[in-house]
Amino acid sequence: MFDPKDLYKLADDAPELPDPVLLYHFDGFVDAGGAGRLAVGHLLAELEHRVVATFDVDRLLDYRSRRPIMTFDTDRWVECETPELVVHAAKDATGTPFLLMSGPEPDREWELFIRAVGELVERVKVSKLVTVHGVPMAVPHTRPLGITMHATRPELVNSQASVFGRVQVPGSVAALLELRLGAKGHDAIGYAVHVPHYLAQAEYPTAAVTGLEAVTRATGLVFPMDALREAARRTTTEIEEQIRASTELSTAITGLEQQYDAFAAGSQRENLMAETTPMPTGDELAAQFERFLAERDED
568 MFDPKDLYKL ADDAPELPDP VLLYHFDGFV DAGGAGRLAV GHLLAELEHR
618 VVATFDVDRL LDYRSRRPIM TFDTDRWVEC ETPELVVHAA KDATGTPFLL
668 MSGPEPDREW ELFIRAVGEL VERVKVSKLV TVHGVPMAVP HTRPLGITMH
718 ATRPELVNSQ ASVFGRVQVP GSVAALLELR LGAKGHDAIG YAVHVPHYLA
768 QAEYPTAAVT GLEAVTRATG LVFPMDALRE AARRTTTEIE EQIRASTELS
818 TAITGLEQQY DAFAAGSQRE NLMAETTPMP TGDELAAQFE RFLAERDED
């Protein structure tokens, strides 16, 4: 049997942190609006951090399915953007230390990777693991974004009712990590931010804001949010410009608002996907927004 210690390397000068929270997000699984990716990118851009552990991506990734970018200059290769799956040590806005694990989702050796993360969690005495990602939902961007919360213990989940019952979905390393580490007694929490389905393929900073605010409520960590909130405001302004220019989009958004309000008011509808107003599909709405944003880039 392979030794999970062979899959990662902990830095010799890794600091000893007092029961740190470990935030994590892996690129590659469903992340509507880039909720998790934008949240992680924002934290790495705003907070001082350093790498304290690295994983062996040569064993974990399938390069033929996700080929790294290489740069060719005139007559020779000059650079390769090697992917990294790492753990950073950082401090929040109040100076509280925490850990942040990010990188591409492993393609192989999931169970060994999770055992390796589990060993690392025990070595550095992680108190709680938390992850955020986005899921597409038939909800309007004009209403507060909902969140589906899941955790390894019922006591960690708030009292908000879930819009989901018992379902089967394709697995992910993030979900399996929560399942396996929960079985070993570790506390882990996940937040799935409900992103408007017509914005699922775009970058939607509002989803990242919602996710990080949820992390703060669960962990007490405080993050600098001004830049992310400003990005969210700009994106919302662009979306509103597109909607005002299209009667079809305006009608569709109105229909989603009516569905959302009825559901929030305790309507007997079965779920948020029920439709009462004819409207374009999520793909059609997304295509219109993509054309609009492309035209803005060209200008």
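Per the working numbering, the very first residue in the sequence shown carries number 568; after that it's consecutive. The C-beta atom is built at its ideal place from N, Cα and C for all residues, glycine as well.
Whole-angstrom Cβ separation of residue i and residue j, contact assumed at under 8 Å?
i, j, result
"Gly713", "Gly603", "That belief does not hold up - the Cβ atoms of Gly713 and Gly603 are roughly 16 Å apart, past 8 Å."
"Ala775", "His609", "6 Å"
"Glu672", "Gly595", "4 Å"
"Ile636", "Glu648", "5 Å"
"Phe830", "Val740", "Rounded, the Cβ-Cβ distance is 32 Å, inconsistent with contact."
"Val724", "Leu589", "At roughly 19 Å, the Cβ-Cβ gap does not stay under 8 Å, so Val724 and Leu589 are not in contact."
"Val762", "Ala599", "4 Å"
Whose CA, out of the options, lies closest to the CA of residue i?
i, options, result
"His717", "Trp644, Pro707 and Val699", "Val699"
"Glu722", "Val618, Asp754 and Val588", "Asp754"
"Asp659", "Val789, Arg690, Ser817 and His708", "Val789"
"Val782", "Ala794, Val760, Ala799 and Val645", "Val760"
"Asp825", "His708, Glu807, Glu678 and Gly601", "The sequence shown places Gln at residue 825, not Asp. Here the closest residue by C-alpha is His708."
"Glu770", "Ala785, Thr803, Gly757 and Leu743", "Thr803"
"Arg796", "Asp573, Ala606 and Leu577", "Ala606"
"Phe569", "Val697, Glu678, Val597 and Leu577", "Glu678"
"Gln768", "Ile810, Gly701, Gly670 and Leu823", "Gly701"
"Gly670", "Val618, Arg733, Ser813 and Glu807", "Val618"
"Leu766", "Trp644, Ile806, Gly732 and Gly787", "Ile806"
"Asp828", "Pro711, Arg801, Thr715 and Gly787", "Pro711"
Is it the case that the Cβ atoms of residue i and residue j are separated by a distance below 9 Å?
i, j, result
"Leu748", "Val653", "no"
"Glu745", "Pro571", "no"
"Thr628", "Asp674", "Thr is not the amino acid found at residue 628; the sequence shown has Leu there. Taking 9 Å as the Cβ cut-off, Leu628 and Asp674 qualify as a contacting pair."
"Leu667", "Ala683", "no"
"Pro582", "Pro664", "yes"
"Leu577", "Arg720", "no"
"Thr623", "Leu574", "First, the residue type needs correcting, since residue 623 is Asp and not Thr in the sequence shown. Contact: yes."
"Leu742", "Gly757", "Note on identity: in this sequence residue 742 is Ala, with Leu being the wrong assignment. A contact, by the Cβ cut-off of 9 Å."
"Glu812", "Pro772", "Reading off the sequence shown, one finds Ala at residue 812, where the question assumed Glu. No."
"Ala612", "Ala794", "yes"
"Val697", "Ala620", "no"
Could you pull the DSSP bridge partners for residue i from this structure?
i, result
"Leu667", "Leu590 and His655"
"Tyr771", "Answer is none; Tyr771 lacks a bridge partner."
"Tyr575", "Phe622"
Threshold first: 3 residues or longer. Then list the beta strand (DSSP E) segments lying entirely within the stretch 597-650, N to C. 616-622, 637-640 and 643-647
Counting only runs that start and end within the stretch 692-767, where is the alpha helix (DSSP H) found for 4 or more residues in a row? For the stretch 692-767, whole alpha helix (DSSP H) runs of length 4 or above, ordered along the chain, are 740-750.
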